[in-house]
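S.K.:
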């Protein structure tokens, strides 16, 4: 289970200043990624929300605007990123570097759940459980 967190830890006070830092968060249109994006924007970072769907990204940005971005006055921008296709991911990285000179923080949050097929399992995975 591990030790209990410090009772005196306050993220807004105790984390390093990231105002103006350039951050890219994958999988940030919903769930944990969206919560991370909200927090980073509130801390004043320039956060790139990545998503395959512009529609989902715009919806998430509208939600962020509605719920408020204060107090850090950070900025959120959509950046198209499809991690399923390596060629598209590389093209996305190149486009990102055209926009920004640097990337200070990368949060790899994107995930994809795919049911394994029998043909995708390794030979040892097929027979060892038996």
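Residue numbers (our numbering): 259 to 388. For glycine and all other residues, C-beta sits at the position ideal for the given N, C-alpha and C. The structure displayed is predicted, hence computed values, not measured ones.
Rounded to the nearest angstrom, what separates residue 286 and residue 265 at their Cα positions?
M.R.: The sequence position of residue 286 within the chain shown is 28, counting from 1. The sequence position of residue 265 within the chain shown is 7, counting from 1. The alpha-carbon atoms of residue 286 and residue 265 are separated by roughly 29 Å.
S.K.: How many angstroms separate the CA atom of residue 354 from the CA atom of residue 272?
M.R.: Counted from its first residue, the chain shown places residue 354 at position 96. Counted from its first residue, the chain shown places residue 272 at position 14. In a straight line, the C-alpha of residue 354 is about 30 Å away from that of residue 272.
S.K.: Helix, strand or coil: how does DSSP classify residue 313 here?
M.R.: To locate residue 313, count along the chain shown from 1; it is residue 55. In the structure shown, residue 313 sits in a helix (DSSP, three-state: H, G or I).
S.K.: Note down, in chain order, each residue of its chain lying with its Cβ closer than 7 Å to the Cβ of residue 361, except the 5 sequence neighbours on either side.
M.R.: In the chain shown, residue 361 corresponds to position 103, counting from 1. Correct list, in chain order: 280, 282.
S.K.: When the Cα of residue 276 is compared with those of 333, 366, 289, 292, which residue comes out closest?
M.R.: As a first step, residue 276 must be located in the chain shown, where it is residue number 18. Out of 333, 366, 289, 292, 333 has the C-alpha closest to the C-alpha of residue 276.
S.K.: In this structure, how does DSSP classify residue 277 when only helix, strand and coil are distinguished?
M.R.: Mapped onto the chain shown, residue 277 falls at position 19. Looking at residue 277 - three-state DSSP - the assignment turns out to be coil, as it is neither helix nor strand.
S.K.: Can you give the Cα-Cα distance for residue 303 and residue 357, rounded to whole angstroms?
M.R.: Translated into positions along the chain shown, residue 303 becomes position 45. Translated into positions along the chain shown, residue 357 becomes position 99. Roughly 16 Å between the two C-alpha positions.
S.K.: Using beta-carbon positions only, say whether residue 308 and residue 352 come within less than 9 Å of one another.
M.R.: Here residue 308 refers to the residue found at position 50 when the chain shown is read from its first residue. Here residue 352 refers to the residue found at position 94 when the chain shown is read from its first residue. Going by C-beta atoms, residue 308 is not nearer than 9 Å to residue 352.
S.K.: Among 369, 343, 295, which one has its Cα closest to the Cα of residue 326?
M.R.: Your numbering for residue 326 matches position 68 in the chain shown. Checking every option, the nearest Cα to that of residue 326 belongs to 295.
S.K.: Kindly indicate the opening and closing residues of the beta strand (DSSP E) around residue 333.
M.R.: Here residue 333 refers to the residue found at position 75 when the chain shown is read from its first residue. From DSSP, the beta strand (DSSP E) with residue 333 extends over 333-338.
S.K.: Return the CA-CA distance between residue 349 and residue 316, expressed in angstroms with no decimal places.
M.R.: If you number the chain shown from 1, residue 349 lands on position 91. If you number the chain shown from 1, residue 316 lands on position 58. Taking the straight line from one Cα to the other gives about 21 Å.
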